[in-house]
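Colleague: Numbering (our numbering), first residue to last: 165 to 282.
(1) To the nearest whole angstrom, what separates the beta carbons of residue 202 and residue 254, a pair I think is in contact under 8 Å?
(2) For the beta strand (DSSP E) that residue 184 lies in, which residues bound it at each end?
(3) Per the DSSP calculation, residue 214 is bridged to which residue(s)?
(4) Residues in the same chain with beta-carbon distance under 6 Å from residue 194, minus the five sequence neighbours each way, listed in chain order, please.
(5) Could you pull out every residue in the same chain whose Cβ sits closer than 6 Å to the Cβ of residue 252, ignoring the five residues on either side in sequence?
(6) Check each candidate in 243, 238, 265, 264 and name the one with the smallest Cα separation from residue 189.
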């Protein structure tokens with residue numbers, strides 16, 4: 165499985181970005197997918213996930229601001245990030261998610277850097 169995240173960049177607080185992640189080497193449509201992030205000096209945390217059926221779940225810190233979605237025809241999962249805060253600065257990664265064990269299960273890709281300035 166290969167996961168390629170993109171769409172990051174530098175944005176001012178209050179701004180928006182849309183992240184993309186293309187998956188290959190798997191039957192994308194049957195997998196739950198997720199976005200994680202690693203902020204400087206912190207452990208990787210789960211930001212959002214979406215089931216194969218489109219049910220979504222978010223970390224409390226991003227609820228109401230971030231939206232995860234998927235396009236199975238394009239093997240792509242998205243993360244729309246609105247009203248960004250400086251604390252959202254992190255490297256963002258996508259991954260397949262196993263709801264039975266509650267964690268990501270594929271090898272981590274390079275991620276995409278999101279930097280939010282004040």
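Here a beta-carbon is modelled for each residue, glycine too, at the ideal position from N, C-alpha and C. Quick caveat, the model's predicted, so the values are computed rather than measured.
Modeller: On the basis of the supplied data:
(1) Looking up residue 202 in the chain shown gives position 38. Looking up residue 254 in the chain shown gives position 90. Taking a contact as a CB-CB distance under 8 Å, the pair residue 202 and residue 254 counts as one, their CB atoms being some 6 Å apart.
(2) Position 20 of the chain shown, counted from the first residue, corresponds to residue 184. For residue 184, the enclosing beta strand (DSSP E) covers residues 181 to 188.
(3) Stepping through the chain shown from its first residue, residue 214 is reached at position 50. 197, 220, per the DSSP bridge assignment.
(4) For the purposes of this step, residue 194 is taken as the residue at position 30 of the chain shown. These residues qualify, in order along the chain: 216.
(5) Here residue 252 corresponds to residue number 88 of the chain shown, with the count starting at 1. Excluding residues within five positions, the ones whose Cβ falls inside 6 Å are 280.
(6) Taking the chain shown and counting its residues from 1, one reaches residue 189 at position 25. Comparing Cα positions, the closest option is 238.
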